[in-house]
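Sequences listed follow chains A and B, in order.
Counted the way our numbering counts, the first sequence spans residues 1 to 298.
Counted the way our numbering counts, the second sequence spans residues 1 to 312.
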Amino acid sequence: MSVAAAPLDRRAYIRDVSARTLRRRQIRGGVYTTLCGLALLIALVPIVAIIGYTVSQGIGAWSVQFFTHLPTPSGIPGGGISNALIGSLIIDGLASLMALPVGIIVALFLSEQRNAVAGAVRFIVDVAAGLPAITIGLFAYAIVVVPQGHFSAFSASVALAVLMLPVVIRAGEGAIRSVPPDLWEAGIALGVRRARVARTVILPAALPGLITASLLAISRAVGEAAPLLFTAIGSTFLVTNLARPMASLPLVIYLDGIQAYPDLQRTAWGTALTLLVIVVLLNLGARLLARRMRRYTR
Amino acid sequence: MAEASRATGPRRFALGDAAYRRALQLAGLLVFGIFLAVGVSLFLQAWPAFQHSGISFITGSTWDPNSATYGALPFIVGTLLTSVIALIIAVPVGIGAAIFLSEYAPRSISTVLGALVELLAAVPSVVYGLWGLLVLAPWFASTIEPRMTWLPFAHGPTLGVGLFLASVILATMVLPTIVAITRDLMNAVQPSAREAVLGLGGTRWQVVRHAIIPTVRTGMIGGVVLALGRALGETMAVTFVIGNSNVIPHSLLGPTQTLASLIANEFTEATEPFHAASLIAAAVLLLAIAVLVNVAARALVWSVSREVSELV
Chain A
1 MSVAAAPLDR RAYIRDVSAR TLRRRQIRGG VYTTLCGLAL LIALVPIVAI IGYTVSQGIG
61 AWSVQFFTHL PTPSGIPGGG ISNALIGSLI IDGLASLMAL PVGIIVALFL SEQRNAVAGA
121 VRFIVDVAAG LPAITIGLFA YAIVVVPQGH FSAFSASVAL AVLMLPVVIR AGEGAIRSVP
181 PDLWEAGIAL GVRRARVART VILPAALPGL ITASLLAISR AVGEAAPLLF TAIGSTFLVT
241 NLARPMASLP LVIYLDGIQA YPDLQRTAWG TALTLLVIVV LLNLGARLLA RRMRRYTR
Chain B
1 MAEASRATGP RRFALGDAAY RRALQLAGLL VFGIFLAVGV SLFLQAWPAF QHSGISFITG
61 STWDPNSATY GALPFIVGTL LTSVIALIIA VPVGIGAAIF LSEYAPRSIS TVLGALVELL
121 AAVPSVVYGL WGLLVLAPWF ASTIEPRMTW LPFAHGPTLG VGLFLASVIL ATMVLPTIVA
181 ITRDLMNAVQ PSAREAVLGL GGTRWQVVRH AIIPTVRTGM IGGVVLALGR ALGETMAVTF
241 VIGNSNVIPH SLLGPTQTLA SLIANEFTEA TEPFHAASLI AAAVLLLAIA VLVNVAARAL
301 VWSVSREVSE LV
């Protein structure tokens, strides 16, 4: 209004000034946008470099016997990581058996109840999600290895199970919450007991999300070496006895990777590639299921 | 409970409602007890060391198992320094990348690149360590670090491994945390806030500067503190590249040790008196720092949105 009432030269002046500030603002915006784009490029460098190096170094170590043979001492060719593959499978499998059912029940608890107990549990789970893995390894050492008097695969499973719990509980709670409440209400309205509604309606509906949660927890555990250092401790033999020290993939990467021998470093790269493939597959699976879950609930 | 289980209908294992509620609570309390036990059992195991060393466990800078002298100050300093330097590197990069992903990149590109950055979070820390030791360390020793000697605090031999490389590795490890949280916070800003700035004739950068950043600031700080917690406790990657020297670092390029890498390096060989207990005491310190940092971070992220806090 006031602009329209202003004299002509004043309107021209304002148009001129606004054009100039616009240009200035656009230039400044362009600079910051470029900086942000640069930051994104920098952020992408490590992922490309790590994957590139692991693939190019690791693929050279891969062969059939790499997966089927036992390790050999440095200097003797033909060694493999079969014991670590089986060890990881056993340790992580047992940890999953301990952590996943309990985690999913606790996720159900957190999504169904809103009281002081639930609040306290949620708080400690959230904080536990950020606990350093190595302290959890020491915990397993203190409560399993010390009483037993020796290192064991079982103690490693206990450590990894404790590590998996917060992951599966938090992701699982999200999955259960994304089931439409109408389903639960319909069950309750029919007079069905809550336990049965949970078992026959809620958990099946949340299943893809619960599998996602489990896969994320497993992928976290499968790559952890720190809690295994003083529990499974590693082995060069094929061990299936849970009470004895056992090899595992992340331990092989650490124990061989810090050696100065090129052939052991090669084994470490080959194992790193194996672990990377496993972890990426687990994460992709989790992502795909999560997407399906979202479509399903919509 | 008895009345509840006498209810009608064909039933197999269905618990009564009250029993079911209590069973769920029991599972919750079990998990609560497990995590409480982590702290309590470590503290009990560490108690002899705290009694042996007293306050000098925190203030002493000599760590010599042969004379049963345990001062963890170098490791506390090493832990804090590596993490803080990592954040100094990762925060500008992470926030810039998140701004670009949420505000500028087309949606399809943003999804793919975002997933790629988040893939960094899935890479096991031993793989970071192996890459750092075998690829980055030689390159840093020959190319990067000789060019850094003009910086203050960056003197001494360029070994590759040491405080600086450990910080760089930690920065790449916490990057996805910062990017993911910041991007999700920014995507959750209401469209009306953007439209207000655009309606006043603002440019896209002014939208970021005046609408987006003030809205997400608190949550963003929470994400950064969470990343700090992750960096403080990281063990394997640091153990590979820290140089494993039990001294307070005198240079940005010098070797040092963190609480976590100290435990990883020494625990299985701890046979001297009080050595194992002192290492567990170091773990208790680490645990205390991690809990404090995490509670602070969660309080900040919680204050913004529960949904975002579930992502991390």
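Here a beta-carbon is modelled for each residue, glycine too, at the ideal position from N, C-alpha and C.
Predicted model, so just to flag it, every value in this text is computed and none were measured.
Query: For Trp205(B), which residues in chain A fall below 7 Å Cβ to Cβ?; Result: Arg28, Gly29, Tyr32 and Thr33
Query: For chain B, find out if any of its Cβ atoms is closer than 7 Å to the Cβ of Asn83(A); answer yes or no.; Result: no
Query: Can you tell me whether Thr218(B) is helix, strand or coil according to DSSP?; Result: helix
Query: Quick one, which of Ala277(B), Ile58(B) and Leu185(B) has its alpha-carbon nearest Gly219(B)'s?; Result: Leu185(B)
Query: When you compare the CB positions of Ala232(A) and Ser248(A), do they come within less than 7 Å of one another, or not?; Result: yes
Query: If you count every other CB in all the chains shown that lies within 10 Å of the CB of Gly78(A), and 16 or more means buried, which is it?; Result: exposed
Query: Determine, using beta-carbon pairs with one atom in the segment 250-269 of chain A and one in the segment 64-76 of chain A, whether at least three such pairs fall under 8 Å.; Result: yes
Query: When the distance is taken between beta carbons, is Ser111(A) closer than 7 Å to Ile176(A)?; Result: yes
Query: Shortest alpha-carbon distance to Val161(B) belongs to which of Ile76(B), Trp139(B) and Val123(B)?; Result: Trp139(B)
Query: Would you say Trp131(B) lies against chain A (beta-carbon separation less than 7 Å)?; Result: yes
Query: Starting from Leu119(B), trace the alpha helix (DSSP H) both ways and give me its first and last residue.; Result: Arg107 to Ala122
Query: With Met246(A) as the anchor, note down where its alpha helix (DSSP H) starts and where it stops.; Result: From DSSP, Met246(A) is part of no alpha helix (DSSP H); its letter is neither H nor E.
Query: Sorted by chain position, which residues of the same chain lie with C-beta nearer than 6 Å to Val179(A)'s C-beta, five sequence neighbours on each side aside?; Result: Ile202, Ala205 and Ala206
Query: The alpha helix (DSSP H) spanning Phe164(B) covers which residue range?; Result: Leu163 to Asn187
Query: Can you check whether the C-beta of Ile263(B) is within less than 7 Å of a C-beta belonging to chain A?; Result: yes
Query: Using 7 Å as the limit for Cβ to Cβ distance, is Arg298(A) near chain B?; Result: Low confidence applies here, because Arg298(A) scores a pLDDT of 46, under 50, leaving its location unreliable; read the following figure in that light. No, Arg298(A) lies away from the interface with chain B (no Cβ there is under 7 Å from its Cβ).
Query: Identify every residue that forms a DSSP beta bridge with Trp63(B).; Result: Tyr70(B)
Query: Chain B beta carbons: is any one of them nearer than 7 Å to that of Asn358(A)?; Result: Missing from the structure shown is residue 358(A); chain A here goes from 1 to 298 and no further.
Query: So which of Val174(B), Asp17(B), Ala283(B) and Thr215(B) has the shortest CA-CA distance to Val225(B)?; Result: Val174(B)
Query: Taking only beta-carbon positions, decide if Thr179(A) is within less than 7 Å of chain B.; Result: The sequence as given places Val at residue 179(A); Thr does not occur at that position. No, Val179(A) lies away from the interface with chain B (no Cβ there is under 7 Å from its Cβ).
Query: Beta-carbon within less than 7 Å of Ile85(B)'s beta-carbon, same chain only, minus the 5 sequence neighbours each way: which residues are those?; Result: Ser167
Query: When you compare the CB positions of Pro74(B) and Ser53(B), do they come within less than 7 Å of one another, or not?; Result: no
Query: Measuring only the C-alpha atoms, how far is Arg37(B) from Ala159(A)?; Result: Strictly speaking, residue 37(B) in this sequence is Ala, with Arg absent from that position. Roughly 13 Å separates the two Cα atoms.
Query: Name the chain A residues that come within less than 7 Å of Asn246(B), Cβ to Cβ?; Result: Those within 7 Å of Asn246(B) in chain A number zero; the least Cβ separation is about 17 Å.
Query: Roughly how many whole angstroms lie between the Cα atoms of Ala49(B) and Phe274(B)?; Result: 6 Å
Query: Measuring straight from C-alpha to C-alpha, what distance separates Phe123(A) and Ala288(B)?; Result: 16 Å
Query: Can you give me the start and stop residues for the alpha helix (DSSP H) that Ser102(B) sits inside?; Result: Taken as a continuous stretch (DSSP letters only), Ser102(B) belongs to no alpha helix (DSSP H), as it is neither H nor E.
Query: Would you report the Cα separation of Val241(B) and Ala141(B), rounded to the nearest angstrom?; Result: 12 Å
Query: Cβ of Met1(A) less than 7 Å from any chain B Cβ?; Result: In this prediction, Met1(A) has a pLDDT of 47, which is less than 50 and means its spatial position is unreliable; nothing more can be read from the coordinates.
Query: For Pro46(A), go through chain B and note every residue whose CB falls closer than 7 Å to its CB, in chain order.; Result: Leu120 and Thr172
Query: Using the Cα positions of Ile42(A) and Phe109(A), report the straight-line distance between them to the nearest angstrom.; Result: 42 Å
Query: Would you mind stating whether Leu210(A) and Gly172(A) have Cβ atoms separated by less than 7 Å?; Result: yes
Query: Can you list, in chain order, the residues of its chain with a C-beta nearer than 6 Å to that of Met246(A)? Leave out the 5 residues immediately preceding and following it.; Result: Gly87, Ala153, Ala232, Ser235 and Val239
Query: Taking Val208(B) as the reference, give the member of Ala27(B), Tyr70(B), Ile99(B) and Ile34(B) with the closest Cα.; Result: Ile99(B)
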